[in-house]
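Heads up: the sequence shown runs through residues 0 to 439, numbered per numbering that gives the first Met the number 0.
Below you'll find the structure, written out as structure tokens, and then a few comments.
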Amino acid sequence: MRPTPAAAAAISAGATAPRQKLTRAQRKAILAGTIGNTVEWVDWALYSIFAKIISEVFFAKSEGAVALLATLAVFAVGFVMRPVGAAFLGAYADRHGRKKGMTLTIALMAGASFIIALTPGYETVGIIAPVVLLLARLVQGFSAGGEFGSSSAFLVESAARGRRAFAGSWQQVSVAGGVLIASLLGTLVTSFLSDEALHSWGWRVAFIAGGLLGLLGLWLRVSVEDTASFTRAREAGQARVNPLKAMFVEHPAAALRVAGITIAGTLTYYIWVNYLPTYANLATGIPLSKALLSQTLCLVVFVVLLPFAGLLSDRFGRKLTMSVFAAGFVVLAWPLLHLMSGSFLSLFLVQLAGMLLILGYSANCAVIMAEQFPPEVRATGIALPYALAVAVFGGTAPYVTTWLNEAGHRDWLWLYVAAASLVSLVVYLTMPETKDKEFD
């Protein structure tokens with residue numbers, strides 16, 4: 000159906016309208032959404048940072064490398080719940096509002112963090128310890144699955160025209176900020192506590208701190224208003240009884256595109272931003288404290304540059320900035336991973352180079368996914384395809400990298416990264432440009 004002349008004129012005017020500045024209310028919404036999301040991801044990231052210690056606390060010590068692989072398997076299983084959480088919590092946010100969806104996710108995440116912190120180890124309660132650990136990570140995975148869709152929709156819907164990527168980039172600022180805080184907590188406890196204190200209670204303090212920060216985020220989310228896009232859709236009677244069905248029936252191509260967009264981004268993100276300190280410690284023998292320090296420094300640079308990468312996307316488009324990211328890993332995966340040795344400098348350079356490339360994905364992922372769907376299915380449309388791709392490629396990344404190292408196939412990791420990046424590069428090059436798309 001062709002638009003009327005008046006509608007066509009409105010669309011043309013909208014596409015060429017000057018970029019607007021964020022209003023005070025929009026800045027407040029972005030700030031509240033960012034801080035709340037940050038503290039939620041502190042809880043999620045702590046597990047991968049302390050994976051080696053958790054393996055020694057929650058599994059029989061005689062198992063050695065098997066215990067670490069079991070811990071990482073629990074990490075991966077947590078990702079299995081992300082599509083489930085995405086389906087339920089994404090639909091909940093589309094029916095009842097972004098605010099209610101985000102409030103529920105952070106409450107679940109913080110509660111599970113407290114449970115992990117307070118659960119006795121294997122030597123005290125035996126098999127109960129890993130079972131409780133597994134259940135807590137399932138809850139956190141369920142929460143994380145709904146978080147991305149709700150918070151991405153909330154931030155992008157809160158943006159001014161021509162500033163959608165900038166606003167959406169703060170979703171990833173908050174994720175990286177959460178990892179940064181978790182990394183800082185890890186650096187502090189591993190640097191200032193003895194090994195005995197660290198294994199006994201130090202790592203638990205970090206999880207308790209993460210849970211307390213989660214309560215702060217809960218308070219912030221309760222105080223914020225819902226987005227105008229959702230409110231208008233609800234008042235117009237557009238809220239769906241079953242947004243999950245509507246996504247599959249009415250927007251299947253957009254859902255597949257979201258999954259393709261995510262493949263390279265989630266794999267490289269979980270290797271470079273989350274798990275590389277532990278992997279470097281296993282593969283090169285660099286002390287975990289130095290590896291975490293490198294990660295912390297690189298994350299500071301990453302977080303600072305993310306909004307500027309969002310501004311580049313608003314100016315030059317989603318396709319160009321995302322293609323640079325994927326093509327960079329296709330070309331540089333081999334030299335980067337072979338450069339890493341036991342020295343602090345080599346690890347720092349590898350981490351920094353990878354994170355600079357990932358800016359092209361992280362600054363765009365929230366906005367490009369939100370631009371695929373109308374408001375009545377937006378949170379679900381973002382959350383579920385993204386969570387499925389993350390479960391397959393992101394959740395398994397620590398396990399696969401550790402298995403390759405333990406099996407003597409460390410040199411194969413670059414091929415895995417390059418292949419995933421090539422798949423997403425094809426998606427980026429063939430997808431429509433949505434920078435100037437009409438958006439509600």
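By construction, the Cβ of each residue, glycine as well, lies at the ideal position given by its N, Cα and C atoms.
Near the ligand ADP: residue i beta-carbon under 7 Å from a heavy atom
| i | result |
| --- | --- |
| Leu311 | Looking at this structure, you won't find the ligand ADP or any other ligand, since it has none at all. |
Cβ neighbours of residue i in the same chain (closer than 8 Å, five flanking residues each side left out)
| i | result |
| --- | --- |
| Met339 | Ala279, Ala282, Thr283, Ser345, Leu346 and Val349 |
| Leu428 | Lys318 and Ser322 |
| Ala352 | Leu331 and Leu335 |
| Ile357 | Gly264, Thr267, Tyr268, Trp271, Val272, Phe301 and Phe324 |
| Ala72 | Tyr398 |
| Cys297 | Phe347, Gln350, Leu351 and Met354 |
For residue i, three-class secondary structure by DSSP
| i | result |
| --- | --- |
| Gly177 | helix |
| Gly393 | helix |
| Pro286 | coil |
| Met354 | helix |
| Phe58 | coil |
| Ser47 | helix |
| Ala308 | helix |
| Gly359 | helix |
| Lys27 | helix |
| Gly167 | helix |
| Ala258 | helix |
| Leu192 | coil |
| Ser342 | coil |
| Ala279 | helix |
| Pro373 | coil |
| Arg94 | helix |
| Thr22 | coil |
Closest by C-alpha distance to residue i, when choosing among the options
| i | options | result |
| --- | --- | --- |
| Ser228 | Pro374, Ala386 and Glu437 | Pro374 |
| Ala175 | Gly393, Ala31 and Gln294 | Gln294 |
| Ser199 | Arg97, Gly96 and Tyr121 | Tyr121 |
| Ser449 | Ala69, Leu211, Ala75 and Arg94 | Any question about residue 449 goes unanswered here, given that the chain covers just 0 to 439. |
| Val376 | Leu197, Leu103, Phe247 and Asp194 | Phe247 |
| Leu179 | Gln371, Thr189, Val76 and Ile48 | Ile48 |
| Val416 | Ser342, Ala31, Val330 and Ala390 | Val330 |
| Gly359 | Ala308, Trp402, Asp42 and Leu197 | Ala308 |
| Val188 | Leu292, Val223 and Ala106 | Leu292 |
| Ile446 | Asp42, Arg162 and Thr33 | Here the chain comprises residues numbered 0 to 439, so residue 446 is not present and cannot be evaluated. |
| Ala28 | Ala152, Thr433 and Ala369 | Ala152 |
| Tyr255 | Val38, Ser54 and Met430 | In the sequence on display, residue 255 carries Leu and not Tyr. The candidate whose alpha carbon is nearest that of Leu255 is Met430. |
| Trp169 | Val366, Gly407 and Ile52 | Val366 |
| Lys443 | Ala263, Leu219, Glu432 and Leu134 | With the chain covering 0 to 439 only, the question about residue 443 has no answer from this structure. |
| Ala378 | Val56, Leu304 and Arg94 | Arg94 |
| Gly148 | Gly167, Leu134, Ala158 and Ala159 | Gly167 |
| Val204 | Arg162, Arg233 and Tyr46 | Tyr46 |
| Thr123 | Glu55, Lys436, Gly216 and Val426 | Glu55 |
Extent of the continuous alpha helix (DSSP H) to which residue i belongs
| i | result |
| --- | --- |
| Lys318 | Arg317 to Leu338 |
| Lys244 | Pro242 to Glu249 |
| Met368 | Cys364 to Ala369 |
| Thr230 | Ala227 to Glu234 |
| Leu137 | Ile127 to Glu156 |
| Ala386 | Arg377 to Ala388 |
| Val426 | Leu412 to Thr429 |
| Val204 | Trp202 to Val221 |
| Glu122 | Tyr121 to Val124 |
| Ser199 | Taken as a continuous stretch (DSSP letters only), Ser199 belongs to no alpha helix (DSSP H), as it is neither H nor E. |
| Phe113 | Arg97 to Leu117 |
Beta-carbon contacts of residue i that lie in its chain and below 6 Å, excluding the five residues immediately before and after
| i | result |
| --- | --- |
| Asn36 | Ser150 and Ser173 |
| Ala86 | Leu243 and Leu383 |
| Tyr91 | Gly100 |
| Ser312 | Ala164, Thr320, Ala362 and Asn363 |
| Pro276 | Ala290, Leu291 and Gln294 |
| Glu449 | Summary: the structure shown does not reach residue 449, with the chain confined to residues 0 through 439, and so no result is reported for it. |
| Leu479 | In this structure the chain extends from 0 to 439, so residue 479 is not present and cannot be described. |
| Met80 | Leu137, Gly140 and Phe141 |
| Thr3 | Legend: pLDDT at Thr3 = 39, less than 50; position of this residue unreliable, value from coordinates given subsequently. If we look at Thr3 and ignore the five residues flanking it on each side, it has no Cβ neighbours. |
| Gly394 | Ala75 and Phe78 |
| Ile207 | Ala116 |
Cutoff 7 Å; reference residue i; Cβ partners in own chain excluding five residues on either side
| i | result |
| --- | --- |
| Thr118 | Ala128, Val131 and Leu132 |
| Ala258 | Pro384, Leu387 and Ala388 |
| Gly201 | Val188 and Leu192 |
| Val323 | Gly359 |
| Ala396 | Leu266, Tyr269, Ile270 and Tyr274 |
| Leu421 | Val329 |
| Phe438 | Arg163 and Glu370 |
C-beta neighbour in chain B for residue i, strict 8 Å
| i | result |
| --- | --- |
| Ile114 | The structure shown contains no chain B; it is built from a single protein chain. |
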